[in-house]
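Asker: Following our numbering, the residues of the sequence shown are numbered contiguously, the last one being 89. Where a beta carbon is used, it is the ideal one built from N, C-alpha and C, also for glycine.
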Amino acid sequence: MRLSGDFMVICDERILEYLSENETGTPKQMEDSGLVRFSRSYITQRAKVLLNHGMLRHLGNGVYTLSEEGQQYLDGELDAATLEPKEE
Numbered sequence: 002m003r004l005s006g007d008f009m010v011i012c013d014e015r016i017l018e019y020l021s022e023n024e025t026g027t028p029k030q031m032e033d034s035g036l037v038r039f040s041r042s043y044i045t046q047r048a049k050v051l052l053n054h055g056m057l058r059h060l061g062n063g064v065y066t067l068s069e070e071g072q073q074y075l076d077g078e079l080d081a082a083t084l085e086p087k088e089e
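1) Do Ile11 and Thr48 come within 8 Å of each other at the CB atom, strictly closer than that value?
2) Go ahead and label Gly71 buried or exposed: buried means 16 or more other beta carbons lie within 10 angstroms of its beta carbon, across all protein chains shown.
3) Could you round the C-beta distance between Phe8 and His54 to whole angstroms and report it? I think they count as a contact, below 8 Å.
4) Pull up the distance between the alpha-carbon of Gly63 and that of Pro28, whole angstroms please.
5) Between the Cα of Thr66 and the Cα atoms of Met31, Ser5, Gly26, which residue gives the shortest distance?
6) Since Leu79 contacts Ser21 with CB under 8 Å, what's their CB separation in whole angstroms?
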């Protein structure tokens with residue numbers, strides 16, 4: 002069972018699941034796949050939130066991949082409520 006954090010919304014789950022299946026992806030690829038049924042701008046916004054909480058890694062040029070924490074969350078091994086945002 003996954004334990005989400007207060008910062009998370011359903012789009013975040015879809016982003017994490019997409020990256021688990023595809024290894025890497027851009028917000029445009031996620032939107033075009035039909036698996037993440039949100040606008041590219043909203044996916045970009047949510048990816049930045051997930052990145053700030055350590056669940057994603059940014060590879061450059063808008064390409065994201067799961068972090069170890071992101072994979073642990075998907076596997077039900079991490080309570081996302083324990084993740085603190087990075088200071089900006």
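Answerer: This is what the structure holds:
1) Position 47 of the sequence shown, counted from the first residue, corresponds to residue 48. Position 10 of the sequence shown, counted from the first residue, corresponds to residue 11. Reading off the sequence, residue 48 comes out as Ala, not Thr. Against a cut-off of 8 Å, the Cβ pair of Ile11 and Ala48 comes out as no contact.
2) What you label residue 71 is simply residue 70 of the sequence shown in a count that begins at 1. Of the other Cβ atoms in all chains shown, 16 or more fall within 10 Å of the Cβ of Gly71; this residue is therefore buried.
3) For this step, residue 8 is matched to residue 7 along the sequence shown. For this step, residue 54 is matched to residue 53 along the sequence shown. The Cβ separation is near 6 Å, so the contact holds.
4) To locate residue 63, count along the sequence shown from 1; it is residue 62. To locate residue 28, count along the sequence shown from 1; it is residue 27. Distance between the alpha carbons of Gly63 and Pro28: 7 Å.
5) Mapped onto the sequence shown, residue 66 falls at position 65. The residue with the shortest Cα to Cα distance from Thr66 is Gly26.
6) Translated into positions along the sequence shown, residue 79 becomes position 78. Translated into positions along the sequence shown, residue 21 becomes position 20. Contact between Leu79 and Ser21 does not hold, since the beta-carbon distance rounds to 14 Å and is not under 8 Å.
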